[in-house]
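Notes for the one structure printed next.
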Amino acid sequence: MSPNNSQTLDWLHIAARPGMQSAHWFGTDRLGRDLFARTLAGTRVSIAIGLAASVISLLVGVSYGAIAGYIGGRTDHLMMRLIEILSGLPLIFFVIFLTVIFGRSEYLLFFAIGAVGWLTMARIVRGQTLSIRQWEFIEAAIASGAGTGRIILRHVVPNVIGPVIVYATLTVPQIILFESFLSFLGLGIQEPGASLGTLIAEGAGEMEAAPWILLVPGSFLAVLLLCLNILGDGLRDALDVKDG
Amino acid sequence: MNNILLRVRDLRVDFGAHAVLRGVNFELSAGETLSLVGESGSGKSTLARAILRLLRPAQGSVEFLGLDLLKCPPAALRAQRRGLQIVFQDPLASLDPRMTVGETIGEPLKIFEPGLNADARRRKVGDMLQRVGLSSEMSGRYPHEFSGGQCQRIGIARAMILSPRLLICDEIVSSLDVSIQGQIVNLLLDLRDAGMAVLFISHNLAVVRHLSHRVLVMYLGKLVEIAPCDALFESPVHPYTRALLAAVPHAGGAAAPQGRGGLAAPAQLAAIGELGAPGELAVPDMIASGCAFRNRCPYALPVCEADEPPLLEVAPGHWAACHRSHETLNPLSLRA
Amino acid sequence: MADMVPTLSVDGLRVSFSHRNGNIEAVAGVSLQIAPAECVGLVGESGSGKTQIFMAAMGLLAGNAQVSGSVRFEGEELLAVDALALNRVRGSKLTMIFQDPMTSLTPHLRIGTQLAEVLVTHRGMPWHEARTCAGRMLERVHVPEPKRRLNQYPHELSGGMRQRVMIAMSLLCEPSLVIADEPTTALDVTIQAQIIGLLRAVRGEFGVALVLISHDLAVVAGLADRILVMYAGSVVENATAEELFRHPRHPYTAELLKCMPDINDARLARLPTMAGQPPRPGEMLEACPFAPRCPRAADRCRAERPQLEGSSTSQVACHFPLDS
């Protein structure tokens, strides 16, 4: 998408301002790498992390919540208590702990973020499940001889998936922010890789001398988050209409 | 009646502290249409769900083809379900909004006849749709595209696709327009294969009259009268049954007892008081001793407060739970 | 009689709802009149528009409703009048009882408060006096232990009792017209009988005009002087109750009467039915809306929509009414 490579160092234009003549439209960073290219690469990484973590938390959260909500009783009670305990744990320490044990890697990042995101997802799904469990079509399915697994998979999940998908798209921004935060702290993606978080971290350091190094990834992040929010709204409307 | 399909013994269901079913006993034979009549609070819907083990009774047994459904392991229960089906009151709510009509009707086939390939299943679903008066092209549509009456036909199709031995109908026409009710009831009569029994739950006495072989009347969780259909309507014994029949409005012509039609004169029903709200004195305390109906009964005697009347046979096949069932009581009027 | 101002006069009322896919017409040009102290039954199935007529009169239509025509209450126009003027009339002289008393009573306010509020708002009565009046009205509608009930919340009362409270509320300011929209549909049969009896007594004692809307002809039979039958947004028959039952003129009325199974009839093999189903709202055509289901339908019925015509005692909207 850009004429420049995100890794090439352009010795002629170190920390250069954005401009047309230098062929670096958004300027370069302090090592002379084209900022536009880097930001694009970083955005790609951030989206990948956001999506992957979202999918993990979706899969885990939906299964957990649907099972807890449908089976109810003591099982539900226990499962919810477990979630409460896990939510109480400080997030950052958990990630630091994992990083210390497993070393830094992207996959660890996916896992860590996803492992945290599923908690709220599970709660939402459980709430939705509780409300549709009263509906007669669930009773009808039981009366037709369907087993618990079949009911959860074929009847509960498709009917709670609407708000869940919407919530999932809305959590992607949160995840990206969280990843950015981790990277900012030095726990996530490291050089020479880039994510929006690392870029912003770099930019923060150069704020006075070369503000564009911060502004470019910063505004990309803001626009990305805005787009995801709008997507979430749109999905909600689209899914609701089918229900109505 | 020879072939007993369903035998319910001493069924009790509690919702917390509140006793909704307080010991129900009856039998249903193959090929019989048994109607269950009662108003809100009678426990009739709870009875349907208890029979299907959709909720946990506190006590009692439900024997279907000899097997106690309440005590058998879940796998055995599920195996029995193919012979015991239900159609619910709210046609739209009983259909999964995310599944097409064809998938909904075909689901029992998927569960009980997994060997059937997709084409065979599709054909069976199409046939069933036609049998209930819809067209097989509708199988790809979703429930919200259909009217109430059509949804109810779909519900019946789902229940009938495995040719059950017993079909429970829980107020299946109550939420439908009058002009559609007749269609659904007639459909049921048409589909009633030889040997299929129907437990028809309804508060609509007129429909019940046209449909049933026998009628059970429930009040506050107990059976108060059991009788063959005509006997119940022509010579009801229990005061509650008599009140219920007197209260039914009819748009009669010249033959109607009140002339133009409408309801029994208010004086006749003035004696019938009102059930309190749940949680208020009336319900739990009223059934603490004696007959549950005594506070509203125009014929109540001191013995009614002291002893709960047992269900006794007053005529062949006709049972009533009333201390005064052997007397010829005056037609319902002010305090007899 | 001719110069007495009708309590309610509806003229060419049309109500339609704007929807994504176009307009849905719920009421297709309805005209009717209700004389003082008259009891009129309005019968129809779902989609007939019977409730929307009176929602229009009370100004309770949904936001996407479009109304045209006129609704005059005691000579004064009600449509397109501002909320202030409407509030003077509704709740006091023109009141309504709804189908589900659980949702029409405010759950978090005591009964006494809700009743007294009516008097305080419309009559400017002080609270204490209003509560006393409310208690007296509860007695008149035969609510047992009225003083105790005043202090209770709606959920502590049974369905029938809540409906009595609604009736009491509607009578507090001595209305000229009470609209009862399916008042007994949500109630048990035995309670229904009592509520209908109460409405009959109330009519006698208070001399109010009463509109009883129902899908059940039998319920209306015992109470109404005149019955209007509605189908797919228009009035198809308007006759005295006696005439309607003895000699229905519109095929729909006749079919409806046949469809209603009577518990006094001997058992039939099959219930009488009507083919097809009521048209969905919005399926308004140039033809007679009942033609697809009518056993007497002819070409003219499918081409031309019949108008309501006849004498002052009996009107019918049919090209081939049953007496011809």
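Residue numbers (this note's numbering), protein chains in the order written: chain A, 1 to 244; chain B, 1001 to 1336; chain C, 2001 to 2324.
All C-beta atoms, glycine included, are put in the ideal place defined by N, C-alpha and C.
Determine, using beta carbons only, whether residue i comes closer than 9 Å to chain B.
i	result
A/His77	no
A/Asn159	yes
A/Ser144	yes
C/Cys2259	yes
A/Gly147	yes
C/Met2001	Unreliable placement is indicated for C/Met2001, whose pLDDT of 46 sits below 50; no coordinate value is reported for it.
A/Arg150	yes
C/Ser2009	no
A/Ala66	no
C/Ser2046	yes
C/Leu2271	yes
A/Ala140	yes
A/Arg154	yes
C/Gln2250	First, the amino acid is wrong: residue 2250 of chain C is His here, not Gln. False, the Cβ-Cβ gap to chain B never drops below 9 Å.
C/Met2125	no
C/Pro2107	no
Cβ of residue i less than 9 Å from any chain A Cβ?
i	result
B/Ile1201	no
B/Ile1156	no
B/Leu1188	no
B/Gly1273	Residue placement at B/Gly1273 is flagged as unreliable, the pLDDT there being 46, under the threshold of 50; the coordinate-derived value follows with that caveat. Judged by the 9 Å Cβ criterion, B/Gly1273 is not in contact with chain A.
B/Ile1086	yes
B/Glu1145	no
B/Met1099	yes
B/Leu1245	no
Would residue i be called buried (16 or more neighbouring beta carbons within 10 Å of its own) or exposed?
i	result
C/Thr2106	exposed
A/Arg33	buried
A/Asn159	buried
B/Asp1285	Because B/Asp1285 carries a pLDDT of 42, less than 50, the predicted location of this residue cannot be relied on, and no value is offered for it.
A/Cys227	exposed
A/Tyr107	exposed
B/Gln1059	exposed
C/Asp2082	exposed
C/Arg2090	buried
B/Leu1077	buried
B/Lys1071	exposed
C/Ile2034	buried
A/Ala66	buried
A/Leu89	exposed
Are the beta-carbon atoms of residue i and residue j separated by less than 9 Å?
i	j	result
C/Val2143	C/Arg2164	yes
C/Thr2273	B/Gly1182	yes
B/Leu1161	B/Pro1108	In the sequence under discussion, the amino acid at residue 1161 of chain B is Ile, which differs from the Leu named in the question. It is a contact, given that the beta carbons lie within the stated cut-off.
A/His155	B/Met1138	no
C/Ile2263	B/Ala1227	no
C/Leu2329	C/Tyr2153	Chain C is shown only over 2001 to 2324; residue 2329 of chain C falls outside these bounds and no answer can be derived.
C/His2122	C/Arg2088	yes
B/Leu1199	B/Leu1167	yes
C/Gln2099	B/Ser1179	no
Rounded C-beta distance between residue i and residue j? I'm assuming under 8 Å.
i	j	result
B/Ser1029	B/Ile1051	Going by Cβ atoms, the distance from B/Ser1029 to B/Ile1051 rounds to 15 Å, so no, they are not a contact pair.
B/Gln1080	B/Ser1175	The Cβ separation is near 29 Å, so there is no contact.
C/Ala2221	C/Phe2245	7 Å
B/Met1218	B/Lys1044	5 Å
C/Ala2180	C/Ile2097	5 Å
What first and last residue would you give for the beta strand (DSSP E) that runs through residue i?
i	result
B/Ala1019	His1018 to Ser1029
C/Ser2018	Leu2008 to His2019
C/Asn2023	Gly2022 to Ile2034
B/His1203	First-last for B/His1203: undefined, no H or E at that position.
B/Thr1104	No beta strand (DSSP E) contains B/Thr1104, which is instead part of the alpha helix (DSSP H) from Val1101 to Phe1112.
B/Met1218	Arg1214 to Tyr1219
B/Phe1015	Ile1004 to Phe1015
Considering just the uninterrupted stretch of the alpha helix (DSSP H) at residue i, what are its terminal residues?
i	result
C/Ala2168	Gly2159 to Leu2171
A/Asn159	Val157 to Leu185
A/Gly73	Gly73 to Gly88
B/Tyr1240	Pro1239 to Ala1247
Would you say residue i reaches chain C, if we count a Cβ-Cβ gap shorter than 9 Å as a contact?
i	result
B/Glu1313	no
B/Arg1209	yes
B/Glu1032	no
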